[in-house]
Amino acid sequence: MQFNMDPCALQRAEQLMATIEQIAFWNSPVPQLMVCPVSNLIEAANKSACQLLQVPLAELKQTHASSWFNHCFTQLVVFTQETMMNGHAWSDTLSVKIAEQETPITLETLASQVELEGRQMIQFVFQDVEKIDRNRVQSDAERHYRSGIGQWQRMARIFQDFERENQLILDAAGEGIYGVDANGQATFINPAAERILGFRGEELIGRNIHTAIHYKHCNGNHYHVEDCPIYAAFQEGEVRQVDDDVFWSKSGVPIDVEYTSTPIKDGDQVVGAVVIFRDITEKKRAQRELVQALKEVDQLRQQLEMENAYLQEEISSEFNNHQIVGRSQAVRELVKQINLVAPTDVTVLICGESGTGKELIARAIHESSKRSKRSLIRVNCAAIPAELFESEFFGHAKGSFTGATSDRPGRFELAHGGTLFLDEVGEIPLALQGKLLRVLQEQQLERIGESSTRNVDVRIIAATNRNLAEMVAAGTFREDLYFRLNVFPIESAPLRQRADDIPLLAQHFLDKAGKRLNKPDMRISLAQLETLKRYDWPGNIRELENVIERQVILAHGQWLKFDDLQTETQQRTELNIAESAIVTASDLKQHERQSIINALKQARGKVFGRDGAAEIMGVKPTTLASRIKRLGIDVRLFKGEHV
């Protein structure tokens, strides 16, 4: 049987069917999108899709479909290609990022290739996975209920009874408290928990609490429910206490918490747990600030201890300027130079013979500078082995080499804000001069074993008894380092060129030795002062101090005598006349070696300090130490030696 329909009626029927299809598409409870695969534009969307994406239809149709999947763009491309090839595709790995929501919504997506008004389109149909899970749980509960199982009712009554019996406590408690059933769903929440988490009670009750507030760690990694101590409480029936964890607020901000999860039982069956938690954000912040403060205090303590270890004894006198004793023209010129350069941060190079007081000049410059409130750190470059140079100067990290049992700042860090005095700078090995130059130029360094760069603010004062210009010409000292150090040169005059200062110096050292040796009434006659002035003092000021201290020890009365100095001078003159023949370098080296050995024997192997070999020879202890090292003399051979 055939039915013949009027063409107008047929057209009305088709229009009615199209209208029904549009209404069905728009009002479908399942979110749907029509996307052009060529232009990537959303051509149509239903009401559920607008609600899911939280965007009006007019605005949604102006956006590119891929913009909602930026964080999973690769999966979207693969999914679209599968749809175009097979005509349909399914996935549960795609997710959309909604504005103002930190966590993307995971979707179960079904796509089909359709033709719309002569164009190929892709129809996307979405389902919120979390919503699906909730619906399934609800369906399971209803099915269990319908099948006559009353477990859900019993669990609900247990938590209702708990909430009713403890309502006053729950309302008044300052800690957050919530209940969770055996499936992980929230059953009740107290006001404090609402305030801490930012959720209203009705937003969490019936919702999987782990998914809502405990879904990831503080570092952003996913928190698997199998690892959750709260779940463990009602799965294993044991109380779980956690002192350091995070819950996530409604706004997506992590909250530092400590909590206790206590299982709730119905007879022998565990039906859920009650969780009591406390916001410890301020507590942890205070702990971090305390740890940082203690760390800074420890660093300051370590630096002060190290600085104190390197502080040098200062010389004072009523006859001094900048603690430099003397009134000669050489001293007045020296003081003038100190006054000129001290207020600046200019690098100073002090040159002069051993024993002329180069360290005293460096200290005078430092004490007259704007850095005087910080330390002057002295480094004897001649006494540092080449293999320890970097560690001594720049510091090292714990474990960076054998013996590095702790972090240790170098001399540059200790001198930060102050002055670094590089004594005997000409003794630095050539291979290490480049590293020193780089730090001097950049004021930056790296500790051994560290990759981070540390900034330092250090003024450099260097001293040497060697001719650095000749060393540069000989290739044993870097020219660029020499120019970097020799910005403001100062010459430390030998004592023989400032004989007029000998009486003041002698009186200064006499007072000093008299106090130390408890002989305060010692005197030096004018005749003996003339004897001191006639002596050429090859050991300079240090030799003068040693000679006076020795005579104070040997004196039987108040008056000191220095007649043996003239004898020593005459002997040297006679020796020079008698031995006018040429002496080879080998003979000089052997003579120097024998002199040092004789002094070490007399001092029983002692180099530094009172009655040491350096004092006996009238030379600077560090200078003698470098000579002993250069000549390969083993000091241990003379320990306990009897003269």
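Residues 1 to 643 in UniProt numbering are what the sequence shown spells out, letter by letter. Even for Gly, the Cβ is constructed at its ideal location relative to N, Cα and C.
{"Check": "Selected residue, minimal CA-CA separation from P229, among V180, L445 and I189", "Outcome": "V180"}
{"Check": "Rounded straight-line distance, which links the Cα of E413 to that of R454", "Outcome": "9 Å"}
{"Check": "7 Å CB neighbourhood of W559 in its chain, flanking five on each side removed", "Outcome": "R523 and S525"}
{"Check": "Exposed unless 16 or more other CB atoms sit within 10 angstroms - verdict on G150", "Outcome": "The predicted position of G150 is uncertain, since its pLDDT is 46 and thus under 50; a value taken from the coordinates is nonetheless stated next. Exposed."}
{"Check": "Counted within 10 angstroms of its Cβ, other Cβ atoms place W90 as buried (16 or more) or exposed", "Outcome": "exposed"}
{"Check": "Three-state class that DSSP yields for L420 in the structure shown", "Outcome": "strand"}
{"Check": "Beta-carbon spacing of I280, D245 below 7 Å", "Outcome": "no"}
{"Check": "Bridge partner(s) assigned by DSSP for F277", "Outcome": "G176 and Y259"}
{"Check": "Proximity winner among E258, G395 and V439, relative to I448 (alpha-carbon distances)", "Outcome": "G395"}
{"Check": "Supposed contact pair F421 and L376 - C-beta distance, whole angstroms, cut 8 Å", "Outcome": "6 Å"}
{"Check": "Collapsed DSSP secondary structure at E115 in the structure displayed", "Outcome": "strand"}
{"Check": "Alpha-carbon spacing of L340 relative to R534, whole angstroms", "Outcome": "33 Å"}
{"Check": "Which residues DSSP lists as bridging W248, in chain order", "Outcome": "P254"}
{"Check": "Pick from R278, A212 and N219 that is closest to V225, judged by C-alpha positions", "Outcome": "A212"}
{"Check": "Presumed contact (8 Å Cβ cut-off) between G539 and V439, rounded CB distance", "Outcome": "Not a contact, Cβ separation roughly 34 Å."}
{"Check": "Buried versus exposed, by CB contacts within 10 Å (16 or more), D501", "Outcome": "buried"}
{"Check": "Neighbour-count burial assignment, F188, 16 or more Cβ in a 10 Å radius", "Outcome": "buried"}
{"Check": "Separation of A469 from G475, as counted between CA atoms", "Outcome": "10 Å"}
{"Check": "Environment of Q409 [buried if 16+ CB atoms lie within 10 Å]", "Outcome": "According to the sequence shown, residue 409 is Pro rather than Gln. Its Cβ being crowded by 16 or more others within 10 Å, P409 is buried."}
{"Check": "Check whether A603 and G612 have beta carbons under 7 Å apart", "Outcome": "yes"}
{"Check": "Per-residue burial, F509 [other beta carbons within 10 Å of its own, 16 or more giving buried]", "Outcome": "buried"}
{"Check": "Given L33 as reference, the closest of F124, P494, T344 and C72 once Cα atoms are compared", "Outcome": "F124"}
{"Check": "Through-space distance from K250 to I98, alpha-carbon basis", "Outcome": "15 Å"}
{"Check": "Separation of E543 from L505, as counted between CA atoms", "Outcome": "12 Å"}
{"Check": "H71 versus E424, E102, N46 and Y215, residue with shortest Cα-Cα distance", "Outcome": "E102"}
{"Check": "DSSP bridge partner residues for P489 (one or two, in chain order)", "Outcome": "L349"}
{"Check": "Boundaries of the beta strand (DSSP E) in which Q551 is found, first to last residue", "Outcome": "Per DSSP, Q551 belongs to no beta strand (DSSP E); it is in the alpha helix (DSSP H), N540 to L554."}
{"Check": "Contact between the region 488-495 and the region 382-392 (3+ Cβ pairs under 8 Å)", "Outcome": "no"}
{"Check": "Identity of the residue in G417, A415, L388 and R411 nearest G403 by Cα", "Outcome": "L388"}
{"Check": "Residue range of the unbroken beta strand (DSSP E) whose run includes L376", "Outcome": "L376 to N380"}
{"Check": "Span of the alpha helix (DSSP H), counted from its first residue to its last, around I213", "Outcome": "I209 to I213"}
{"Check": "Residue range of the unbroken beta strand (DSSP E) whose run includes Q32", "Outcome": "Q32 to V35"}
{"Check": "Cα-Cα separation, T419 to H591", "Outcome": "39 Å"}
{"Check": "Whole-angstrom C-beta distance between I338 and I350, which should lie under 8 Å", "Outcome": "No, I350 and I338 are not in contact; Cβ-Cβ is about 10 Å, not under 8 Å."}
{"Check": "Beta-ladder partner(s) of K216, from DSSP", "Outcome": "H222"}
{"Check": "Collapsed DSSP secondary structure at T187 in the structure displayed", "Outcome": "strand"}
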